[in-house]
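Notes follow once the structure below has been shown.
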Amino acid sequence: MTTLRPPPLTLLDKYSGHEPQILYSTTVTVTGGGASHGRASGIARSDDGQLAVELRMPKALGGPGGGTNPEQLFAAGYAACFHGALSLLAARSAVRIHDASVDVTVDFGRDPIDGLFVLSAHTRVHLPGVDRAVAEELVRKTERFCPYTKMARQGIVNVVALVVAGETSES
425 MTTLRPPPLT
435 LLDKYSGHEP
445 QILYSTTVTV
455 TGGGASHGRA
465 SGIARSDDGQ
475 LAVELRMPKA
485 LGGPGGGTNP
495 EQLFAAGYAA
505 CFHGALSLLA
515 ARSAVRIHDA
525 SVDVTVDFGR
535 DPIDGLFVLS
545 AHTRVHLPGV
555 DRAVAEELVR
565 KTERFCPYTK
575 MARQGIVNVV
585 ALVVAGETSE
595 S
């Protein structure tokens, strides 16, 4: 049985390079499934085999439900990342947050600017037993530290490349 431990506090050490330093990379591939539509009937699989989930449109969007969806997966990643950052910062400050929890609600809706779609996220942090002023400072620091919060605030580097059978280089 694997012993679960939090990551080392050295993750909090500042990086002083001039280019982003990749610490971990993963790839998830989504195929279309029976409806040939990744969101409506897809299967998402990670390159290491640890993730394999059926994707379904939620009932609220006219689908059958019965599977997960991109919004749930994004909310799970965001909440886990925020909780992890919160835990590291609390440990560095010697603040016990044993019963902490993070809820992230992701809303999928219409964008009034371009008429298409937009996501919004709402994060709620529960820190039972922690002094309010200490909790507020810890949450404020976590907002600056958490990569998902940073992505939501600043955007993300996103490169989209078409892969064509027989071609060897990405455009």
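Numbers given in this note's numbering equal positions in the sequence shown, counted from 1, plus 424.
Just so you know, even glycine gets a beta-carbon here, dropped at the ideal spot from N, CA and C.
Three-state class that DSSP yields for residue i in the structure shown
i	result
T455	strand
G533	strand
S465	helix
L543	strand
H550	strand
Beta-carbon proximity check, residue i vs residue j, cutoff 8 angstroms
i	j	result
A503	D527	yes
F498	T547	no
L447	L512	no
R463	P494	yes
Length of the line joining the Cα atoms of residue i and residue j
i	j	result
L475	T450	11 angstroms
E567	T427	29 angstroms
E617	G486	Residue 617 falls outside the range modelled here, since the chain spans only 425 to 595, and no answer is possible.
D555	S544	29 angstroms
H522	V588	49 angstroms
6 angstroms Cβ shell around residue i - same chain, five flanking residues per side excluded
i	result
V549	V526, V563
T573	E567
Per-residue burial, residue i [other beta carbons within 10 Å of its own, 16 or more giving buried]
i	result
N582	exposed
V452	exposed
R577	exposed
S595	Low per-residue confidence applies at S595: pLDDT is 46, beneath 50, and the placement is therefore not dependable enough to give any value.
S470	exposed
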